[in-house]
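Visitor: Here it is, the structure, as structure tokens.
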Amino acid sequence: MRKPDFLIAGAPKCGTTSLHAYLQQHPRVFLPDWKEPHFFGTDLDWTDRERISEAAYGALFDPATADQRCGEASVFYLLSERAAREIRDCNPAARIIAMLRNPIDMIHSFHSQRVYNGTEDVDFGVAMEIESERRSGRKLPPRVGLRQGLYYRELAQYADQLQRYIDTFPREQLHVILFEDFKSNTPESFRNVAEFLGVDPTFSPDFAMQNPNTVARSRFVGDLLGHTPKAVSRIARVVPTSLRLRIRKAMRRANTRSEPRSPMAPELRARLVKEFGDGIRRLEGMLDRDLSAWLTP
Numbered sequence: 040m041r042k043p044d045f046l047i048a049g050a051p052k053c054g055t056t057s058l059h060a061y062l063q064q065h066p067r068v069f070l071p072d073w074k075e076p077h078f079f080g081t082d083l084d085w086t087d088r089e090r091i092s093e094a095a096y097g098a099l100f101d102p103a104t105a106d107q108r109c110g111e112a113s114v115f116y117l118l119s120e121r122a123a124r125e126i127r128d129c130n131p132a133a134r135i136i137a138m139l140r141n142p143i144d145m146i147h148s149f150h151s152q153r154v155y156n157g158t159e160d161v162d163f164g165v166a167m168e169i170e171s172e173r174r175s176g177r178k179l180p181p182r183v184g185l186r187q188g189l190y191y192r193e194l195a196q197y198a199d200q201l202q203r204y205i206d207t208f209p210r211e212q213l214h215v216i217l218f219e220d221f222k223s224n225t226p227e228s229f230r231n232v233a234e235f236l237g238v239d240p241t242f243s244p245d246f247a248m249q250n251p252n253t254v255a256r257s258r259f260v261g262d263l264l265g266h267t268p269k270a271v272s273r274i275a276r277v278v279p280t281s282l283r284l285r286i287r288k289a290m291r292r293a294n295t296r297s298e299p300r301s302p303m304a305p306e307l308r309a310r311l312v313k314e315f316g317d318g319i320r321r322l323e324g325m326l327d328r329d330l331s332a333w334l335t336p
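For reference, each letter of the sequence shown is one residue, going 40 to 336 in this note's numbering.
And the structure:
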């Protein structure tokens with residue numbers, strides 16, 4: 040099995056889809072079209088998908104040429120408590136890319152994504168209030184998807200998540216990108232990633248916008264795409280994987296429209312700034328970076 044040379048490990052809604060798309064254009068880099076296979080992270084509790092087999096995971100990288108650096112992007116590797124060790128056991132030389140943004144904005148955006156995917160059924164403020172009940176198995180949406188994805192506060196604990204990778208890999212194998220930097224100067228952020236991966240940093244991809252806030256045109260179609268009936272899945276297996284992915288992407292595009300996200304209530308943001316303050320200050324020390332803007336209600 041060819042092993043990934045690098046992994047974009049998360050976090051969700053922090054620019055990973057854009058970086059994945061830009062790196063796919065680099066002639067010395069290979070990423071499969073299937074973003075987020077989540078082969079690592081065996082502690083992640085998926086209620087609507089089976090873990091990809093080792094053979095199928097290795098096959099994702101078969102098209103890569105010998106001179107390409109191959110990798111993949113799975114946004115919950117940071118959240119997982121096991122993924123760092125599992126990646127190291129697979130390839131101790133793997134390079135890890137972590138993308139982080141203001142954790143309050145991240146979980147707010149991720150909540151919108153779950154609503155779009157049909158795995159969230161209450162508004163953001165209510166979701167934060169009932170998080171402890173959901174950990175006990177109560178007040179869950181009809182479709183859960185990734186169970187840990189309902190624990191928004193846990194998703195926001197960047198310092199704990201990053202520490203697992205610092206403890207597992209040499210520091211030079213870890214590259215952290217802040218969403219603000221990535222958004223304000225995408226070409227420079229891309230060049231830094233290319234240098235980190237050891238490929239030509241002068242290559243310039245098409246920096247088109249990726250993954251804006253979206254809503255589903257049809258909830259029924261969205262649910263079908265998110266949770267395909269077993270009978271349909273069995274029929275679909277006769278279709279080549281690459282074609283299935285293209286069909287699914289086309290259906291999602293047809294069922295999607297962009298829409299600005301509803302703003303967060305100021306009093307809720309103020310409470311979350313206070314609640315997440317210690318973790319943000321820990322992250323400041325780990326990155327040697329001023330994150331005071333994240334602490335401003």
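Cβ atoms here follow ideal geometry from the backbone N, Cα and C, with glycine treated the same way.
In the stretch 206-231, which residue ranges form an unbroken beta strand (DSSP E) of at least 3 residues, counting only runs that do not cross its ends?
Guide: Qualifying beta strand (DSSP E) stretches, in chain order: 213-217.
Visitor: Can you grab the Cα-Cα spacing for the pair GLU159 / ALA105, in whole Å?
Guide: Locating residue 159 in the sequence shown gives position 120, where the first residue counts as 1. Locating residue 105 in the sequence shown gives position 66, where the first residue counts as 1. Going by the C-alpha atoms only, they are around 42 Å apart.
Visitor: Between the C-alpha atoms of ARG177 and HIS150, what's the straight-line distance to the nearest angstrom?
Guide: Locating residue 177 in the sequence shown gives position 138, counting from the first residue. Locating residue 150 in the sequence shown gives position 111, counting from the first residue. Whole-angstrom Cα-Cα distance: 18 Å.
Visitor: According to the neighbour-count rule (16 or more other Cβ atoms, all chains shown, within 10 Å of its Cβ), is LEU58 buried or exposed?
Guide: As a position in the sequence shown, residue 58 is number 19, starting the count at 1. Buried, by the Cβ-count rule.
Visitor: State yes or no: is the C-beta of GLY164 within less than 7 Å of the C-beta of ARG182?
Guide: Residue mapping note: residue 164 aligns to position 125 of the sequence shown, counting from 1. Residue mapping note: residue 182 aligns to position 143 of the sequence shown, counting from 1. Cβ distance not < 7 Å, so GLY164 and ARG182 don't count as in contact.
Visitor: Return the Cβ separation of LEU46 and GLU111 in integer angstroms, given the expectation that the two are a contact with Cβ distance under 8 Å.
Guide: As a position in the sequence shown, residue 46 is number 7, starting the count at 1. As a position in the sequence shown, residue 111 is number 72, starting the count at 1. Confirmed, about 6 Å.
Visitor: Report yes if the C-beta distance between GLY49 and VAL154 is below 7 Å; otherwise report no.
Guide: Locating residue 49 in the sequence shown gives position 10, where the first residue counts as 1. Locating residue 154 in the sequence shown gives position 115, where the first residue counts as 1. Against a cut-off of 7 Å, the Cβ pair of VAL154 and GLY49 comes out as no contact.
Visitor: From ILE216, PHE218 and GLY184, pick the residue whose C-alpha is nearest to that of GLU89; which is it?
Guide: Along the sequence shown, one-based indexing puts residue 89 at 50. It is GLY184.
Visitor: Among ALA122, PRO102, GLN107 and LEU117, which has the Cα closest to the Cα of THR81?
Guide: Within the sequence shown, residue 81 is the residue found at index 42, counting from 1. Ranking the options by Cα distance to THR81, first place goes to ALA122.
Visitor: Let me know if ARG256 comes out buried or exposed under the rule of 16 or more other beta-carbons within 10 Å of its beta-carbon.
Guide: Here residue 256 refers to the residue found at position 217 of the sequence shown. The pLDDT assigned to ARG256 is 46, lower than 50, so where the model puts this residue is not dependable, and the model offers no usable value.
Visitor: Cα separation between PHE79 and ARG210?
Guide: The count along the sequence shown starts at 1 and reaches residue 79 at position 40. The count along the sequence shown starts at 1 and reaches residue 210 at position 171. Looking at the two C-alpha atoms, the distance is approximately 20 Å.
Visitor: Are LEU334 and GLY318 closer than 7 Å when you measure CB to CB?
Guide: The residue you call residue 334 lines up with position 295 of the sequence shown. The residue you call residue 318 lines up with position 279 of the sequence shown. No.
Visitor: Rounded to a whole number of angstroms, what is the C-alpha to C-alpha distance between PRO180 and GLY188?
Guide: Counted from its first residue, the sequence shown places residue 180 at position 141. Counted from its first residue, the sequence shown places residue 188 at position 149. Roughly 12 Å between the two C-alpha positions.
Visitor: From the DSSP output, in three-state form, read off TRP85 for me.
Guide: Mapped onto the sequence shown, residue 85 falls at position 46. It is a strand residue.
Visitor: Whose C-beta lies closer than 6 Å to the C-beta of PHE242 among residues of the same chain, with five residues either side of it excluded?
Guide: On the sequence shown, residue 242 is found 203 positions in, with the first residue counted as 1. Answer for PHE242: HIS65, listed in chain order.
Visitor: Checking the sheet assignment: what are the DSSP bridge partners for ALA137?
Guide: What you label residue 137 is simply residue 98 of the sequence shown in a count that begins at 1. For ALA137, which the question treats as bridged, DSSP gives the partners VAL215.
Visitor: Run the CB neighbour count on ARG134, radius 10 Å, all protein chains shown included, and call it buried at 16 or more, exposed below.
Guide: Residue numbering aside, residue 134 sits at position 95 when the sequence shown is read from its first letter. Classification for ARG134: buried.
Visitor: Tell me whether LEU99 is buried or exposed, calling it buried when 16 or more other Cβ atoms sit within 10 Å of its Cβ.
Guide: Counted from its first residue, the sequence shown places residue 99 at position 60. Its Cβ being crowded by 16 or more others within 10 Å, LEU99 is buried.
Visitor: What are the partner residues of ILE47, as DSSP defines its beta bridges?
Guide: Along the sequence shown, one-based indexing puts residue 47 at 8. Answer is ALA112 and ILE136.
Visitor: Cβ of PHE246 within 7 Å of Cβ of GLY54?
Guide: Translated into the one-based positions of the sequence shown, residue 246 becomes position 207. Translated into the one-based positions of the sequence shown, residue 54 becomes position 15. Not a contact, by the Cβ cut-off of 7 Å.
Visitor: Where do the N-terminal and C-terminal ends of the alpha helix (DSSP H) with GLU323 fall, by residue?
Guide: Against the sequence shown, residue 323 aligns to sequence position 284. Element bounds for GLU323: 305-326.
Visitor: Which residue from VAL68, ILE91 and PRO51 puts its Cα closest to that of VAL238?
Guide: As a working note, residue 238 is residue 199 in the sequence shown. When only C-alpha atoms are compared, the closest one is VAL68.
Visitor: So, for GLY97: in the same chain, excluding its five sequence neighbours on each side, which residues have a beta-carbon less than 7 Å away from its beta-carbon?
Guide: Here residue 97 refers to the residue found at position 58 when the sequence shown is read from its first residue. Excluding residues within five positions, the ones whose Cβ falls inside 7 Å are MET40 and ARG41.
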